[in-house]
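A.B. asks: The letter at position 52 of the sequence shown is residue 196 when you use this note's numbering, and the numbering goes up by one with no holes.
C-beta: ideal position from N, C-alpha, C; glycine also.
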Amino acid sequence: GAHFVQAALFAVATADVMGLDVGAAVAALGSLPLLPGRVRPVVVGGGAVLLDDTFSASPASVTAALAVLRAVPALRRVAVLADMDPLGPHTAAAHDAVGAAVPDSCDRLVTLGRDAARIADAAVRAGMAPDRVVKTFLPEHAAAEIEARAGDVVLVKGGAAAHPELVVAALAGAGSDEV
């Protein structure tokens, strides 16, 4: 996504300021491996693409992930959004704000966790049809709500305490490949 481009540009600019070979810096960025939990695309059963972005979640990173989901060509876009990392007194407002961005980003929303349920409520208030929104509270229930098929792109994003990586593991199973 665009947020990764900005970080890459800073890395190249730093290499330039430090007097390093900018071309080598760009080449090195192009050879970086895709890391689990960092918007890593995985092809899952049926030909759907799963975007594993489960490393962590803040309002800014969830919004950025939704922008990536919105930009990726797909027949259907599904967002599985779990509780974000601890936000203290800002928890409710942050989950509500993320929910307001959901209707423009996906066709179906599955939430995971008590705080993430606020994302679902806010998405409906922002215009998403209630029949396209499901609230769950356990990773295995969230995974069971996803019927991934060819042409789908499924984003899984959330904070560590919600264990969104278990949703990825359930969806990916044994028959998955990195894109």
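What first and last residue would you give for the alpha helix (DSSP H) that runs through D265?
C.D. replies: Taking the first residue of the sequence shown as 1, we reach residue 265 at position 121. 260-269 is the extent of the alpha helix (DSSP H) around D265.
A.B. asks: What residue from A238, V193, H234 has the CA that sits closest to V216's CA?
C.D. replies: For the purposes of this step, residue 216 is taken as the residue at position 72 of the sequence shown. It is V193 whose Cα lies nearest to the Cα of V216.
A.B. asks: Rounded to the nearest angstrom, what separates F281 and G167 at their Cα positions?
C.D. replies: Translated into positions along the sequence shown, residue 281 becomes position 137. Translated into positions along the sequence shown, residue 167 becomes position 23. Distance between the alpha carbons of F281 and G167: 47 Å.
A.B. asks: With a 10 Å radius around its C-beta and 16 neighbouring C-beta atoms as the bar for buried, classify L133 as buried or exposed.
C.D. replies: Nothing in the structure corresponds to residue 133, since the chain is present only between 145 and 323.
A.B. asks: Pull the bridge partners of T207 from the DSSP assignment, please.
C.D. replies: Within the sequence shown, the letter at position 63 stands for residue 207. T207 is not bridged to any residue.
A.B. asks: For V206 and G243, I'd like the C-alpha separation in whole angstroms.
C.D. replies: In the sequence shown, residue 206 corresponds to position 62, counting from 1. In the sequence shown, residue 243 corresponds to position 99, counting from 1. When rounded, the distance between both Cα atoms is 10 Å.
A.B. asks: If you scan the segment 269-303 from start to end, which runs of the beta strand (DSSP E) of 3 or more residues do you find wholly inside it?
C.D. replies: Secondary structure remark: continuous beta strand (DSSP E) runs of at least 3 residues inside the segment 269-303, in chain order: 277-280, 296-301.
A.B. asks: Run the CB neighbour count on G247, radius 10 Å, all protein chains shown included, and call it buried at 16 or more, exposed below.
C.D. replies: Counted from its first residue, the sequence shown places residue 247 at position 103. Looking at the sequence itself, residue 247 is Pro, so the reference to Gly does not match. Buried, because 16 or more other Cβ atoms sit within 10 Å of the Cβ of P247.
A.B. asks: Which whole-angstrom value describes the C-beta separation of D227 and R269, a residue pair presumed to lie in contact below a C-beta threshold of 8 Å?
C.D. replies: The residue given as residue 227 occupies position 83 in the sequence shown. The residue given as residue 269 occupies position 125 in the sequence shown. Contact doesn't hold; Cβ gap of about 19 Å is too wide.
A.B. asks: L315 and V188 look like a contact to me (Cβ under 8 Å); what is the Cβ gap, rounded to whole Å?
C.D. replies: For the purposes of this step, residue 315 is taken as the residue at position 171 of the sequence shown. For the purposes of this step, residue 188 is taken as the residue at position 44 of the sequence shown. Confirmed, Cβ separation roughly 5 Å.
A.B. asks: Where does P274 land, buried or exposed, given buried means 16+ other C-beta within 10 angstroms?
C.D. replies: Your numbering for residue 274 matches position 130 in the sequence shown. By the 10 Å Cβ count, P274 comes out exposed.
A.B. asks: Can you name, in chain order, every residue of its own chain whose Cβ lies under 6 Å from the Cβ of P283, other than the five neighbours on each side?
C.D. replies: Position 139 of the sequence shown, counting from 1, holds the residue named residue 283. Same-chain partners within the cutoff: H307, L310, V311.
A.B. asks: In the DSSP assignment, the beta strand (DSSP E) including D196 goes from what residue to what residue?
C.D. replies: The residue given as residue 196 occupies position 52 in the sequence shown. That run of the beta strand (DSSP E) goes 192-197.
A.B. asks: Skipping 5 residues on each side, what residues in its chain have a beta carbon closer than 8 Å to that of L213?
C.D. replies: As a first step, residue 213 is located in the sequence shown; it is residue number 69 there, counting from the start. Contacts found: L195, R221, A223, S249, C250, V297, L299.
A.B. asks: Just to confirm the assignment, what range does the alpha helix (DSSP H) spanning L310 have?
C.D. replies: On the sequence shown, position 166 is the one that residue 310 refers to. Its alpha helix (DSSP H) spans residues 308-316.
A.B. asks: I'd like to confirm the pairing. Which residues does DSSP put opposite P185 in its beta bridges?
C.D. replies: As a first step, residue 185 must be located in the sequence shown, where it is residue number 41. In DSSP, P185 forms a bridge with L195.
A.B. asks: Using the Cα positions of V278 and I263, report the straight-line distance between them to the nearest angstrom.
C.D. replies: Here residue 278 corresponds to residue number 134 of the sequence shown, with the count starting at 1. Here residue 263 corresponds to residue number 119 of the sequence shown, with the count starting at 1. When rounded, the separation of the alpha-carbon atoms in V278 and I263 is 11 Å.
A.B. asks: Which residue comes first and which comes last in the beta strand (DSSP E) that contains V242?
C.D. replies: If you number the sequence shown from 1, residue 242 lands on position 98. From DSSP, V242 is part of no beta strand (DSSP E) but of the alpha helix (DSSP H) over 235-245.
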